[in-house]
Structure formats: C-alpha cells, structure tokens
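Heads up: the structure comes next, in structure tokens.
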Amino acid sequence: MIVEINNLKKSYHPGKLAVNDVSLSIDKGESLGLVGESGCGKSTLARCLLGVERIDEGSITFNGKPLTKASRKHLRDYRRNIQTVFQNPTASLNPKLKIRDSLLDPYLQFKDELQLEHFHFTSKKAFVEQLLETVELPVELGDRYPHELSGGQKQRVTIARAISIEPKLIVLDEPTASLDVLSQGAILELLASLQQTLGLSYLFISHDLAAVYQLCQRIAVMKEGELLDMFQKEDIYDSSRHAYTKELISIF
Ligand SMILES: Nc1ncnc2c1ncn2[C@@H]1O[C@H](COP(=O)(O)OP(=O)(O)OP(=O)(O)O)[C@@H](O)[C@H]1O
Ligand SMILES: [Mg+2]
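Below is the structure:
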C-alpha cells in the first residue's frame, strides 16, 4: 500500500462537505481512476492527498505512517514521493524559466536525499536530456521557454518534471483535458508506458471514462463529496454497480 485514506472529511463552508467520509487506498504500481460530475470533490480529495489542503477529519497514511503526526523528515519524504500533474500545463510552468531549469528544479530541491534507480545524474545537461527523451521530446526543447512549446509538449514537460525524482505516486488531475484528441491519446499512452517502466502508482482524475478505463486498473466514483462505488475495471458492467455508475456508463 502506498497511500491509504481513511474516513476523510473536508469542508470549505460550515455544513457543506466537499469530501464526505471517503476511504480508499492505492497500491504500489496501481492506477486508480477517479470520476464524477464537476464539483463532486475530486480535486479537493487530490489536494488533501497532496498535503496542500488541511483535512477536517480522518487520516491519510503514507508508507504506513499518518501524515497528520508526521515528522519533518517524513513530510519531506511524502512531498517527494507524491507528485502531481494538473490540467493546465501553462499554469504549472514558470514562464520565466527555460524548460531545462523547470525540469531541474525538483531534483535540485531533493538531491541530497535521492537515490535514483532509473535516472542518473552525471551532469545537468545529461539529466535534462534523459528526462526529455523519456517523455519523447526533442532535447533541443530544453533551451526554450514554455511559450515556445505546444500544449501537449508542455504537458510532457510537467510529466518529465514529476517523474524526475522518481516518486511513488503521481496525482493526475485531468492531465489531458486541455489537449486535442490526438495529443490526449498520445499522453495517455506515455503515462501508461511510464507507469510500467518506473513502477509508478497513479490517481487519475478525469471526466473521460474511456480514458480512465484505458489507463486504470481500478475505478472510484464520487458524487457530492461521497465515494459511491469502487471496482476493478473488469467489473464495470457488473450488475452490482451503483445506479449512479450505471448512469455514467450509459452516457458514454
Ligand atoms: N478553495 C475552495 N474554496 C471554497 N470552496 C471550494 C474550494 N475548492 C473547491 N470548493 C468547492 O468544493 C466542492 C468540490 O470542488 P472540487 O474542485 O473538489 O470538485 P471537482 O470534482 O474537482 O470538480 P471538477 O470536475 O469541475 O474539477 C465544490 O462545491 C467547490 O465549489
Ligand atoms: Mg477538479
């Protein structure tokens, strides 16, 4: 088990829970899809998991240790091991930094405690090139600024940055939503192959049930803050699915 969320509650306004008593866990190397209508609390759950949102009740444990009582060292370990890729790559990249500097940033922050298995740091130049090649981008892009890249290329850069410090889990919050259909498919394929080669776990948030079905082994369904259903994807058409899940499937 990489992370375990137990009975998590989070509200922004008194009396209204954005996340209401959600429990779920993600295994090593597993990809869990999270679907549900806009405003149902998916991103809130993700932000709680990322430790950027304070939780009201419940617990989040990483490697068996609760986050709330974590030591500084454990928190830092947590921050390194849970990375994120958001919907809008333009907003995720500093416009004033060359791609190479954005790519180096997490490594430089954590280098003293990193023991990389897949990537090798021999020089900044070689490291950046290795990252760009891993996400199938031409190495020349390292010298450009974000505005000189397409949306799909920028999203590959944010993915490269996320994997650069070999985290255990990546939270993908609608990573393909801002891209055209062809780029979406290519990014999904890249994510699937990175998951294999790097042994990553994903929490993949999406409105696109077909994409979730393609990338994930397990699917969770939320509505109005609650987790209604969670199942292995093979069981998606099982008669025991929640009525709301059936409704979501019928729209596709
Ligand atoms: N920072 C915030 N302050 C106040 N309310 C918020 C904040 N963030 C989210 N909310 C509210 O919490 C609820 C859940 O929002 P959240 O962003 O988690 O939904 P979501 O499932 O990610 O939706 P979408 O699919 O549109 O991204 C919504 O009612 C939203 O208005
Ligand atoms: Mg959201």
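With the numbering used here, letter number 51 in the sequence shown gets 115, and the count goes up by one each step, no holes.
Just so you know, even glycine gets a beta-carbon here, dropped at the ideal spot from N, CA and C.
What you are looking at is a predicted structure, and each value in this text was computed from that prediction instead of being measured.
Residue i and residue j closer than 7 Å at C-beta
i: S166; j: L157; result: yes
i: S288; j: C104; result: Per the sequence presented here, residue 288 reads as Glu, with Ser not at that position. Yes; because the gap between Cβ atoms is below 7 Å, this pair is in contact.
i: A224; j: V199; result: yes
i: L292; j: H271; result: no
i: S242; j: G216; result: no
i: K297; j: I315; result: no
i: V99; j: V285; result: yes
i: I46; j: K92; result: The shown model of the chain, from 65 to 316, leaves out residue 46, and the question about it has no answer.
beta-carbon residue i near ligand 1 non-hydrogen atom, thresh 6 Å
i: K287; result: no
i: G115; result: no
i: Y171; result: no
i: C112; result: no
i: A226; result: no
i: G263; result: no
i: G103; result: yes
i: Y76; result: yes
i: A284; result: no
i: A275; result: no
i: A190; result: no
i: A82; result: yes
Cα-Cα separation, residue i to residue j
i: K175; j: H184; result: 11 Å
i: D120; j: S75; result: 7 Å
i: L96; j: V276; result: 8 Å
i: G206; j: L255; result: 21 Å
i: K189; j: L196; result: 11 Å
i: L201; j: E311; result: 39 Å
i: I90; j: D169; result: 27 Å
i: T132; j: I146; result: 16 Å
i: E290; j: L180; result: 37 Å
i: E357; j: I313; result: Because residue 357 is not part of the residues shown, which for the chain are 65 to 316, the question remains open.
i: C112; j: S214; result: 30 Å
i: S257; j: P78; result: 43 Å
i: Y308; j: Y301; result: 12 Å
i: K73; j: L273; result: 25 Å
i: Q259; j: N152; result: 21 Å
i: V203; j: T222; result: 15 Å
i: K137; j: S303; result: 46 Å
i: G263; j: A134; result: 25 Å
i: G249; j: K218; result: 15 Å
8 Å contact criterion, which residue i and residue j should meet: CB distance rounded
i: G122; j: N71; result: 4 Å
i: D148; j: P210; result: It is worth fixing the name first, because residue 148 is Thr in this sequence and not Asp. About 17 Å separates the two Cβ atoms, so there is no contact after all.
i: V192; j: R220; result: Incorrect: roughly 13 Å between the Cβ atoms, too far for contact.
i: E94; j: Q281; result: 6 Å
i: Y171; j: I227; result: With a Cβ gap of about 11 Å, Y171 and I227 do not count as contacting.
i: T240; j: L252; result: 6 Å
i: L109; j: V86; result: 6 Å
i: R208; j: K162; result: 7 Å
i: L81; j: M294; result: Not quite, the Cβ-Cβ distance comes to about 18 Å (not below 8 Å), so this is no contact.
Heavy atom of ligand 2 within 6 Å of residue i beta-carbon
i: S107; result: yes
Proximity test, residue i beta-carbon vs ligand 3 heavy atom, cut-off 6 Å
i: G122; result: For ligand 3, the structure offers nothing, since it holds only ligand 1 and ligand 2.
Between the region 260–272 and the region 225–243, do three or more beta carbon pairs fall short of 8 Å? yes
Measuring CB atoms only, is the region 138–157 touching the region 112–127, in the sense that at least three cross pairs come out at less than 8 Å? yes
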